[in-house]
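This report concerns only the one structure given below.
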Amino acid sequence: MKGKLRLDPAVVRRARALAAKAAAPVEEMARTHTTVSIERSVLRLAGIGGADAEQMPWANRLVDAVRDQVGLQQGVALPIWDALFRHRGVDLVGLAAKAAAGEVAFRIPEGRDRERARLAAQRAVEKGVRRIDKNRAERDRRIARLGDPAKPWIYLIVATGNIYEDIPQAQAAARAGADIVAVIRSTGQSLLDYVPEGATTEGYAGTYATQENFRLMRAALDDVGRELGRYIRLTNYASGLCMPEIATLAGLERLDMMLNDCMYGIIFRDINPQRTFIDQRFSRQVHARAGIVINTGEDNYLTTADAVDAAHTVVVSQLLNERFGLEAGLEPWQLGLGHAFEINPAIPDSLMLELAHAQLVRELFPDAPLKYMPPTKHMGGNVFAGYLLDALFNLVGYMTGQGIILIGMMTEGIHTPFLSDRDLALENIGYIRTAAGSLGADWHPAKDGVVVHRAHQVLAEAVELLERVVDESLLTAIARGTFGITKRPADGGKGLDGVVAHGDGYWNPATALLEAAR
Amino acid sequence: MKGKLRLDPAVVRRARALAAKAAAPVEEMARTHTTVSIERSVLRLAGIGGADAEQMPWANRLVDAVRDQVGLQQGVALPIWDALFRHRGVDLVGLAAKAAAGEVAFRIPEGRDRERARLAAQRAVEKGVRRIDKNRAERDRRIARLGDPAKPWIYLIVATGNIYEDIPQAQAAARAGADIVAVIRSTGQSLLDYVPEGATTEGYAGTYATQENFRLMRAALDDVGRELGRYIRLTNYASGLCMPEIATLAGLERLDMMLNDCMYGIIFRDINPQRTFIDQRFSRQVHARAGIVINTGEDNYLTTADAVDAAHTVVVSQLLNERFGLEAGLEPWQLGLGHAFEINPAIPDSLMLELAHAQLVRELFPDAPLKYMPPTKHMGGNVFAGYLLDALFNLVGYMTGQGIILIGMMTEGIHTPFLSDRDLALENIGYIRTAAGSLGADWHPAKDGVVVHRAHQVLAEAVELLERVVDESLLTAIARGTFGITKRPADGGKGLDGVVAHGDGYWNPATALLEAAR
Amino acid sequence: MNEPTVVRPYGDTTGDGMVQVSFTLPIPRDARAEGAALQLAEKMGLAPAMVVHVKGMGPAFTFFVVYGRVAHLVDLAQVTVVEREYPLLSAKEVNLAIRSRLRRKLVVVGATIGTDAHTVGLDAILNVKGFAGEKGLEYYREVRVVNMGAQVTAPELAARAVSEKADAVLTSQVVTQRDAHLHHTEEVVDALRSAYGDARRPLVVVGGPRFDPTSQERLRVDRVFGKGTTPREVASYLVHALAGAPE
Amino acid sequence: MNEPTVVRPYGDTTGDGMVQVSFTLPIPRDARAEGAALQLAEKMGLAPAMVVHVKGMGPAFTFFVVYGRVAHLVDLAQVTVVEREYPLLSAKEVNLAIRSRLRRKLVVVGATIGTDAHTVGLDAILNVKGFAGEKGLEYYREVRVVNMGAQVTAPELAARAVSEKADAVLTSQVVTQRDAHLHHTEEVVDALRSAYGDARRPLVVVGGPRFDPTSQERLRVDRVFGKGTTPREVASYLVHALAGAPE
Ligand code: B12
Ligand code: B12
Ligand SMILES: Cc1ncc(COP(=O)(O)O)c(C=O)c1O
Ligand SMILES: Cc1ncc(COP(=O)(O)O)c(C=O)c1O
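Sequence lines, in order, name chains R, C, L and A. With our numbering, letter number 424 in the first sequence gets 424, and the count goes up by one each step, no holes. To convert, count from 1 in the second sequence and add 1000; that's our numbering. To convert, count from 1 in the third sequence and add 2000; that's our numbering. To convert, count from 1 in the fourth sequence and add 3000; that's our numbering.
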């Protein structure tokens, strides 16, 4: 079937081939490097938790100690499980405490010692992987029992900064119709090279992503899901300096979706590109195992760039995110590729252009759930106009069969959402769904009309841009400001010092387990 | 061309034939009766104006005097112009004053006196008709010079009760984008069997329709139209006990559109059915001459009846309004047939059903401008929900090519519009037009889909109902509550005492002139 | 109960006091406009207030949207609740009460008064069809309903009440511009007084979406029903007022 | 001029005083709810007030929409207008003024501070691309712009100001939750104080959509720019403050 837009399959194939070509060198880099956060993830899978008196997680203390003494070229697993044999009766946290006090001498074990450490590490990490597997089965079981809501899933954000305010708001959102609740992180968390610990009450414009907060919210949503007879999905944010670890914690605490983009941290948080690409691969391997749906962040480009001018950059980025995702083991149904309704409402035919963009993405990625983001940039203080714009966004979402609809707030231009903003937003999409949910079936863009023309144009521009990216390399393209008109040189940004090339004999029990399974 | 709904032309023809059959006896009645208001219209065309100390118009005084003395079976023209010959130097107002003081003895002139009176009356009424003709030409000239806005025309209401508050609001509305301004009448005016005089400042929920108010508003809209380079149309309300006179005043003061329905007064104001049918015919003859577009009131049925259950009654009434209109000399482009977006938004697929209704009417009456009314009944106190509902109404209006869109107010469920409500409403439709004005071209209801199915069903129900109406007669159908689930017996309601059967030799110079022209 | 009795408006955090306000000022959109809006917001108690939207409407008016925090407290203990002082009865109970205590049919005469032509609300209470799934008063076997429709003058209504020996007069008023509903209600009360003189006049019940249900004394009527009234509430009230308290 | 200086809100008639209000109360939607909303409306000065919409949101919150008349007057004479105390210059004039009066390039260091990552506003002022059709400061030949981007700490900014010999430090703050923008501004002021000691510190200019443009004293900065600021306003201000008053 040709689809409503009559896209040329040859052009689509060419676009995918170019994306694979552009991604290849970066994939190779990711396969041959590790990062401090990947190594910490190994320990987290093996059960490390908690923090020292300065609130620095033990995972960080232990990895830093290994790094200081023997480097990370071989990974942390071998030196640490080797040390555990030499410090009988001590668990990972105990070892971390000792190491921090300078009481552990790490080494790269060889021969039988190496084998012994390898086996112990593997067994320890397997425990974590099994817990992830159990969570995945548990999710499937609950969905089977409670039933899965019809697509598009309605996605709502809570962002009070205080997990204990978030919980009632999240439950209220679910009761009012949300299928997915996302807890926005505190600004700045993505630049922390550690994951805070415990239940937190003091975030700015969001709540810290911590294992305990994950657990509390998971339990709260399970409760309300039971009450409502509907599985409520929990979402958080991986992208950032701790992408691998947060992905790991998400698997351990049965989160269902994670914001995880191969370039978001680079463009929007000025995280080093190499660090990001290496981290994203590991994090996606964990997501793949956990059955988590990732959400990518192309929507963000349209907040700094113009949504018409930069429409093709969204498509290019989606093709790259798809490529990196599949390479890491994600299935197509796990690719919640992002895009957004951000065209200036003052321009003529804006709705037709939005339909073109949304339908193009729908047809390019037929199996992906697609995360569709509401207008933000052109939301001002006129809350009535905002409510209307959100309604048309909802309509386009239904007409083009998006999988995940992030609910727009009429007060987007003003403040983080009030309880009532969210309730009104749900009424908004509820009305559109009931009244016009099936309008898309009667929508057939004319062969030579605005919509078809625009979709073809965007795809052509995407192919052209991909050709340039292949030519100059992805890292150069990023450095030149290709995405979100933000320039990020390959050696700039935060976190490059956490990147380490694999040495001969590098070994990571987590990667080994995750890759073996495929 | 078959249209989007694939209506069967044979069914459409049958519906029209049935409407003509149902209308025929009523048309015959209208041709053979007069009313006090028709007779007063003759005097108004001849230039009578003003009122006595009790604010009763001289037109009423004079017609009542004739009626008391000689009856109206011959019309008022002959006895009055006869009397004028016998009271030299006295004009119509003077005669009315004398008659009220009991100083005039009317008679039915015969022979040469009759001929003389006839000629004088004709000459006097011709003056009024010429003024109407001049106004029509003036309208054409202004439109040619200033340009006519593209359809749909945006129709806005002012309703402060005070003509001097109405004027700035109307001008503001035009500046903000209104193509048509309607001045709602004070509640209760339609039950007055006279037209108040002068500029008025004290209406309830509307402003009295008076010749002076018409004149003031006309001038104000001409001013703002010049400023804007766009002809702004002025609308008022004819239906009511004084339908013929208000239609006449509208022609004399260059109004452009008039609410004029063959049954509205019956159903919604409890005016006698015979009176209404007789009055509507004359009033439409005047509108035809004046080049005024009428707006019918089928939308109102959906405020007392359910918009889904009663959809076919709207179509039946439109066919009747069309039939009566054409019979009275209106051209198809003058038939602003009314309908509305009043389906309960809580029911599934409500937008699809609205599209079906609106498109059905569009295809049934391809040359009529169609007046599309916004949601009112399901507008509550949630102004955000209301704003959204209005937006979807606007969208349907554009998608189905309506000619005249009455702008919905988010505060419909609360109060008569604030200035800001109107401004927001115009922003609402402005956005829909700019963003989605061309969506209709890509809308093709599926052959077996909800929309097509619903449209066929409504048309079939309309034909069925028309068959019943033909069988039992239109007056009986009305008495049985067919329209707006309101029962109105043929002898009930207000104003029957103002109806008079033509006697032998009945003569009305206005009808004679208006009918001669065709 | 240890529920708090004093609360503040809630935006997204307990106690934040956030409210939204919009209004038009009859001033041009110029340098002063925002300051003028802030002044009004301040007088309403918003501090800090944030003008988030300013729109000039023609040369002489400006529309504003303002968000802000109010310090006002809402004391729930001070809220006067319009408690129904009578039990809500089923149709059966209503009929039974009338039969056993009034021993004849209860007669109501209903109308929309004055120039107001809105009948949907009145019909919702009177017609069999009813409202919100409840049948109207016509459905009650022991109630005789005279529905005069709309546009009825106060003297016409009073005369009919006399001739029908009405136990209760029910009036509906929907148009409220220039307080039309209040004036028309006064006219009804006066007309009934002159029709009945010192004789015991029927119960006067008024209804409509913009009436304040606590205003009966001000309006000199027996009962006021506001928006969302259901026929059963009215029937139960009539039984309570006219057929004594049920056992 | 005989313009009125005292006005009231305008619904559809001069003097009607009508306003719209919406808010949430942390109470269930029960019999008291509407009364509670009216109490708040009354405290805000709405009399009469009309609760037109009541929506329970879960078991513990209720949302209200209220319309009503306020008696508050707005006295236009009392409105303090933030008058621009400097003339708006063209790019040419700016360059000329700097060249002739400062006799060297004017150096600005800009950053979004703290954990705030919003750069669009800062870039709108600094980047060539500019805002609302006006080119940003980079476009001015006599201005040297150092744009540090976002997520910059106060000490980093202060250090860079010193090393670049900044004439002005421009900070942007968009996230305002828990008054983050105010706290971060304080941090900048303190960091500059410790970096410069008693030496003359650069001009401190802060901007962002939720800043109150009259708050410079409270914030201990030189100038505050709010929403909708254009680069030319900023350039003109810098010239005014750093290169003396133009002739
Ligand atoms: C339907 C309607 C009409 C229909 C009326 C048909 C008819 N036969 O009734 C038509 C189209 C004819 C009409 C005309 C006009 N209308 Co009208 N109309 C409405 C509308 C859309 C719905 C009203 C309704 O039916 N509500 C449903 C019923 C069930 O609710 P209700 O009336 O509140 O009744 C309930 C309670 O109040 C109570 N109740 C009511 N009466 C009684 C009586 C008793 C005894 C008791 C116990 C209880 C009770 O019980 C009922 C059930 O709960 C409203 C807008 C809106 N969405 O509310 C405007 C509205 C009422 N109309 C309005 C106006 C101004 C007019 C017009 C003057 C012009 C215009 N703008 O359209 C004309 C002239 C009417 C006239 N002369 O009176 C205004 C009134 C503004 C105001 N507050 O003053 C409104 C609010 C619209 C607006 N925003 O401008 N209208
Ligand atoms: C774009 C955007 C983003 C982009 C930012 C990309 C980038 N590189 O800048 C992305 C997607 C990354 C983002 C992320 C987040 N955002 Co954001 N974002 C926005 C958005 C949609 C537009 C902001 C914008 O670009 N405005 C356009 C510019 C030109 O306007 P401006 O900033 O006001 O700047 C003008 C003036 O203020 C002034 N000015 C500004 N700075 C300066 C500096 C100087 C020196 C001068 C003189 C003048 C000046 O001049 C400028 C030109 O007139 C707003 C919502 C909205 N519609 O406003 C939310 C918004 C600002 N974000 C918000 C939040 C909370 C976040 C997040 C925390 C999570 C979330 N909810 O999305 C994250 C994390 C960000 C972080 N760590 O800081 C909130 C802030 C709430 C608050 N008041 O505290 C908003 C209001 C959305 C909301 N309602 O929740 N966001
Ligand atoms: C892909 C992706 N990751 C992460 C985030 C959130 O990141 P941060 O917590 O840094 O604001 C976003 C937010 O938009 C995103 O799109
Ligand atoms: C056809 C028609 N005539 C007249 C009117 C207005 O009549 P009145 O002034 O009696 O409210 C309407 C209002 O809806 C109408 O639809």
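Don't be surprised by glycine CBs; every beta carbon is placed ideally from N, CA and C. Keep in mind the model is a prediction, meaning the values are calculated, not measured.
Between residue 296 of chain R and residue 336 of chain R, the gap from beta carbon to beta carbon is short of 8 angstroms.
When DSSP assignments are scanned along the segment 153 to 204 of chain R, the uninterrupted stretches of beta strand (DSSP E) that are 3 or more residues long and fall wholly within it turn out to be 153 to 158 and 180 to 183. Within 7 angstroms of the CB of residue 416 of chain R, the CB atoms of chain L belong to 2012, in sequence order along the chain.
DSSP lists R:443 as the beta-bridge partner residues of residue 1443 of chain C. Rounded to the nearest angstrom, the gap between the Cα atoms of residue 147 of chain R and residue 19 of chain R is 37 angstroms.
The Cβ of residue 3116 of chain A sits closer than 8 angstroms to at least one Cβ of chain R. The segment 1247 to 1297 of chain C is shown to contain whole beta strand (DSSP E) runs of 3 or more residues at 1257 to 1259 and 1293 to 1295, in chain order. Contact of residue 3087 of chain A with chain L is not assigned, every C-beta pair being separated by 8 angstroms or more.
Neighbours of residue 1450 of chain C across chain R, judged by C-beta separation under 8 angstroms: 438.
Residue 2020 of chain L and residue 3021 of chain A have their alpha carbons spaced roughly 6 angstroms apart.
Taken from the Cβ of residue 259 of chain R, at least one heavy atom of ligand 3 lies inside 7 angstroms.
For residue 328 of chain R, no beta strand (DSSP E) encloses it; the enclosing alpha helix (DSSP H) starts and ends at 311 to 328. Looking at the DSSP output, residue 347 of chain R bridges to nothing.
By the neighbour-count criterion, in which a residue is buried when 16 or more other Cβ atoms sit within 10 angstroms of its Cβ, residue 1332 of chain C is exposed. By a beta-carbon distance limit of 8 angstroms, residue 1205 of chain C contacts residue 2175 of chain L. Their separation comes to about 5 angstroms.
In summary, residue 1190 of chain C is buried, with 16 or more beta-carbon neighbours lying within 10 Å of its beta-carbon over all protein chains present. A distance criterion of 7 angstroms places the beta-carbon of residue 1296 of chain C in contact range of ligand 4, judged by its closest non-hydrogen atom. Contact between residue 2172 of chain L and residue 2136 of chain L fails: their C-beta atoms lie close to 13 angstroms from each other, not under 8 angstroms. Unbroken beta strand (DSSP E) runs of no fewer than 3 residues, entirely contained in the segment 1015 to 1071 of chain C, are found at 1033 to 1035, following chain order. Against chain R, the CB of residue 3029 of chain A has no partner CB under 8 angstroms away; the residue lies outside that interface.
With 16 or more neighbouring CB atoms inside 10 Å of its own CB, residue 394 of chain R falls in the buried class. Ranked by Cα distance from residue 1496 of chain C, the options C:1008, C:1034, C:1006 and C:1423 are led by C:1034. Residue 3061 of chain A is bridged by DSSP to A:3057. Around the beta carbon of residue 64 of chain R, 16 or more other beta carbons lie within 10 angstroms, which makes this residue buried. If you draw a straight line from the Cα of residue 1078 of chain C to the Cα of residue 1061 of chain C, it is about 16 angstroms long.
For residue 1379 of chain C, the nearest beta carbon of chain R is not closer than 8 angstroms to its own beta carbon. By the neighbour-count definition (other C-beta atoms within 10 Å, threshold 16), residue 464 of chain R is an exposed residue.
With a cutoff of 7 angstroms, residue 189 of chain R counts as near ligand 3, since its C-beta is closer than that to a heavy atom of the ligand. In the DSSP annotation of this structure, residue 3072 of chain A is not part of any beta strand (DSSP E), being labelled neither H nor E. DSSP, reduced to helix, strand and coil, places residue 151 of chain R outside both helices and strands of the structure shown, so it counts as coil. Interface annotation for the segment 35 to 61 of chain R against chain C: empty, criterion Cβ-Cβ distance under 9 angstroms.
For residue 384 of chain R, the nearest beta carbon of chain A is not closer than 8 angstroms to its own beta carbon. Where residue 487 of chain R is concerned, there is no enclosing beta strand (DSSP E), because DSSP gives it neither an H nor an E. At least one CB atom of chain R sits nearer than 8 angstroms to the CB of residue 3061 of chain A.
With respect to the C-alpha of residue 21 of chain R, the residue from R:420, R:327 and R:413 having the closest C-alpha is R:327.
In the structure shown, residue 74 of chain R adopts coil according to DSSP, grouped into three states.
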